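A.B. asks: UniProt numbering numbers the first residue of the sequence shown as 1 and each following residue consecutively. Here a beta-carbon is modelled for each residue, glycine too, at the ideal position from N, C-alpha and C. Here the structure is a predicted model, which is why all the values come from computation and not from measurement.
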Amino acid sequence: MTEKKSPRLRNVDKIKPPYPLNKFSENFGFCVGREIVYLLATKGNSTLEGEEWEEIFATCIGAEWKPSNVGLDDVVLSECAWGAKTVKANVPSKQKNVRLISGRNSIDYSYGESSSNDTNPNHLGNLILTIWNERVSAIRKLHKHVRTIVLIKSHNLE
């Protein structure tokens, strides 16, 4: 069975993102470090939660922080939206890959179906992937560029 291909289209909207992929302003790293140190010094415990990372990232790129239930447009600058995520690693500086978890994909809510141990995993996976793709499509209608920024933190910075 052949896989259905999507056509490559010429696009007339040439909206450039505010930053090229993986390239931020020269002082971005300094700003992130400063904000994290300030947060930890004033918070009273050594935790850095997802919403705090979203706000730090938004501050450091000059964007608007808009906490989102969808999690794909937490930070918005011009026509670009970022979902900001945090993950833990034993040695963050040597981490080669991360596993991001896509939450809020309830088949009960979206399709009125419930799952059990007897549910066909392929059927369940297809439903969850369809929910995820619809969420991405909805965000893409609002923002030309949709990206994810990940902060890899150590276990002792819970």
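Checking 8 Å against the spacing of the C-beta atoms, do D74 and W65 come in under that value?
C.D. replies: Taking the sequence shown and counting its residues from 1, one reaches residue 74 at position 74. Taking the sequence shown and counting its residues from 1, one reaches residue 65 at position 65. Cβ distance < 8 Å, so D74 and W65 count as in contact.
A.B. asks: Thinking V150 and V87 are a contact (beta carbons under 8 Å), I'd like their distance in whole angstroms, please.
C.D. replies: Working through the sequence shown from its first residue, we reach residue 150 at position 150. Working through the sequence shown from its first residue, we reach residue 87 at position 87. Rounded, the Cβ-Cβ distance is 6 Å, consistent with contact.
A.B. asks: Among N97, W132, R147, T42, which one has its Cα closest to the Cα of G83?
C.D. replies: Position 83 of the sequence shown holds residue 83. Closest option to G83, Cα to Cα, is R147.
A.B. asks: Might you give, ordered along the chain, the residues of its own chain that have their beta carbon closer than 7 Å to the beta carbon of I36, omitting 5 neighbours on each side?
C.D. replies: For the purposes of this step, residue 36 is identified with residue 36 of the sequence shown, where counting begins at 1. If we look at I36 and ignore the five residues flanking it on each side, its Cβ neighbours are L48, I56.
A.B. asks: For T119, report the span of its beta strand (DSSP E) as first-last.
C.D. replies: Against the sequence shown, residue 119 aligns to sequence position 119. It is not in any beta strand (DSSP E) - T119 carries neither H nor E in the DSSP assignment.
A.B. asks: What would DSSP say about H145, mapped onto helix, strand or coil?
C.D. replies: Stepping through the sequence shown from its first residue, residue 145 is reached at position 145. H145 falls in the strand class under three-state DSSP.
A.B. asks: Opposite C60 in the DSSP bridges: which residues?
C.D. replies: Position 60 of the sequence shown holds residue 60. Answer is none; C60 lacks a bridge partner.
A.B. asks: According to the neighbour-count rule (16 or more other Cβ atoms, all chains shown, within 10 Å of its Cβ), is I101 buried or exposed?
C.D. replies: For the purposes of this step, residue 101 is taken as the residue at position 101 of the sequence shown. When all chains shown are included, I101 counts as exposed.
A.B. asks: Leaving aside the five residues before and after Q95 along the sequence, list all residues of the same chain whose C-beta is less than 7 Å from its C-beta, in chain order.
C.D. replies: Reading the sequence shown from its first residue, position 95 is the one you call residue 95. Excluding sequence neighbours, Q95 sits near A89, I152.
A.B. asks: Please name the residue in C60, G44, V91, E54 whose C-alpha comes closest to that of P67.
C.D. replies: Counted from its first residue, the sequence shown places residue 67 at position 67. Here the closest residue by C-alpha is E54.
A.B. asks: Identify the residues that DSSP records as bridge partners of L77: which are they?
C.D. replies: The count along the sequence shown starts at 1 and reaches residue 77 at position 77. Beta-bridge pairing links L77 to C80.
A.B. asks: Check whether the Cβ atoms of L129 and I107 sit closer than 8 Å, and answer yes or no.
C.D. replies: The sequence position of residue 129 within the sequence shown is 129, counting from 1. The sequence position of residue 107 within the sequence shown is 107, counting from 1. No, the pair does not count as a contact, with Cβ atoms beyond the cut-off.
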